[in-house]
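Participant: Under UniProt numbering, the first residue of the sequence shown carries the number 1, and numbering increases by one thereafter.
Once you've had a glance at the structure underneath, I'll fire off some questions.
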Amino acid sequence: MRSAVAGWDVVRPPGPGRVAGVCMAGFRSAGSVDVRVVPHPALTLVLEFGNGPLVVDRATGRQRRGDLVAGFLHRDLRVRGAGVECVQVRLSPLVARAVLGASPVALDRTVVPLDDLWGRDAARLRQRLGDATSWHDRFALAEALVARKAQAGPGVDPEVAWVWGRIVRSRGRARVEALAAEVGWSRKRLWSRFLSQIGLAPKRAARLVRFDHAAHRLAAGEGAAGVAADSGYVDQSHLHRDFVAFTAMTPATAVGQPWLAVDGLAWGR
1 MRSAVAGWDV VRPPGPGRVA GVCMAGFRSA GSVDVRVVPH PALTLVLEFG NGPLVVDRAT
61 GRQRRGDLVA GFLHRDLRVR GAGVECVQVR LSPLVARAVL GASPVALDRT VVPLDDLWGR
121 DAARLRQRLG DATSWHDRFA LAEALVARKA QAGPGVDPEV AWVWGRIVRS RGRARVEALA
181 AEVGWSRKRL WSRFLSQIGL APKRAARLVR FDHAAHRLAA GEGAAGVAAD SGYVDQSHLH
241 RDFVAFTAMT PATAVGQPWL AVDGLAWGR
């Protein structure tokens, strides 16, 4: 499926991928783009193959160019460039450690060159993506490498996977203490294992999932008071504080960002 919004031509694979927890989309900028990132509960790979380059700026003044890996929670990032072509891969934290070969904890709030994690595999994939003549072939190339790494890398504990699944299905409203009891773990053990394998502490993960759900509902035009009540916030002020914490923007400003509009096309939101 191909669509265009906010300066991006967006292409989605025709069906679900072969690796659970991995989603892909293709991006080509129609001209110059400058997009502020809205945090989401996944880690991100950007696989460039065009004339680009894609540039990721931080409020601190640091920049990253080209293929990269972005961890969780980037409230101060902007993505910009001209003539950008790339495959973007979103990784559930259940598979991120295996695919990346690094702990998600080490990637939290960071953006690192993919070469640092994948070495020569990153360079070879970049060359093959540039040589490919269709999005179908590019998706196939990226998926094959991701699948190989996912199979070879370490998985997460079944209990951790179950707790993450409950957090996602409850849209961040599940009580962490209750989840620990359901898997037969102490709260301390769950916190330790979850943080080391997922990359976030359980309550922080729940906050991020809840925020992500609320942000997309607001972007779809729903009222803030109703979204706050349905999403488990104490009140609208609580929702406002979470938006500022995650995005450094008010809800009204955040939901007007092109990032969320592109999300709907690229990831089927």
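Yeah, the Cβ is synthetic: ideal placement off N, Cα and C, and Gly gets one too.
If you're wondering where the values come from, they're calculated on a predicted model, not measured in any experiment.
Could you round the C-beta distance between Leu125 and Leu91 to whole angstroms and report it? I think they count as a contact, below 8 Å.
Facilitator: Wrong, their Cβ atoms sit about 15 Å apart, outside the cutoff.
Participant: With distance defined between alpha-carbon atoms, name the residue in Gly172, Trp162, Val255 nearest to Trp185.
Facilitator: The residue with the shortest Cα to Cα distance from Trp185 is Trp162.
Participant: For Ser192, which of Ala178, Val160, Ala219, Arg173 has the nearest alpha-carbon?
Facilitator: It is Val160 whose Cα lies nearest to the Cα of Ser192.
Participant: For Gly199 versus Asp108, is the C-beta spacing smaller than 8 Å?
Facilitator: Yes, the pair counts as a contact, with Cβ atoms nearer than the cut-off.
Participant: Would you mind giving the Cβ-Cβ distance between Ala219 and Leu260, rounded to the nearest angstrom? I have them listed as a contact below 8 Å.
Facilitator: Confirmed, Cβ separation roughly 4 Å.
Participant: Since Val168 contacts Pro202 with CB under 8 Å, what's their CB separation in whole angstroms?
Facilitator: Actually they do not touch by this definition, with Cβ atoms about 12 Å apart.
Participant: So Phe72 is in the beta strand (DSSP E); what residue range does that whole segment cover?
Facilitator: Segment: none, Phe72 is in no beta strand (DSSP E) and carries neither H nor E.
Participant: Given that a residue counts as buried once 16 or more other Cβ atoms are within 10 Å of its Cβ, and exposed if not, what is Thr247?
Facilitator: By the 10 Å Cβ count, Thr247 comes out buried.
Participant: Determine, for Leu77, whether the minimum Cβ-Cβ distance to residues of chain C falls below 8 Å.
Facilitator: This model lacks chain C altogether, as it is built from one protein chain only.
Participant: State the beta-bridge partners of Pro113 as determined by DSSP.
Facilitator: BP columns for Pro113 point to Leu68.
Participant: Tell me which residues share the same chain as Leu141 and place their Cβ nearer than 7 Å to its Cβ, disregarding the 5 neighbours each side in the sequence.
Facilitator: Around Leu141: Leu125, Arg128, Leu129, Ala132.
Participant: Specify, as a first and last residue, the run of the alpha helix (DSSP H) that Asp34 falls within.
Facilitator: From DSSP, Asp34 is part of no alpha helix (DSSP H) but of the beta strand (DSSP E) over 32 to 36.
Participant: Spatial neighbours of His136 within its chain, please: CB distance less than 7 Å, with the 5 preceding and 5 following residues excluded, ordered by chain position.
Facilitator: Excluding positions up to five away in sequence, the list is empty.
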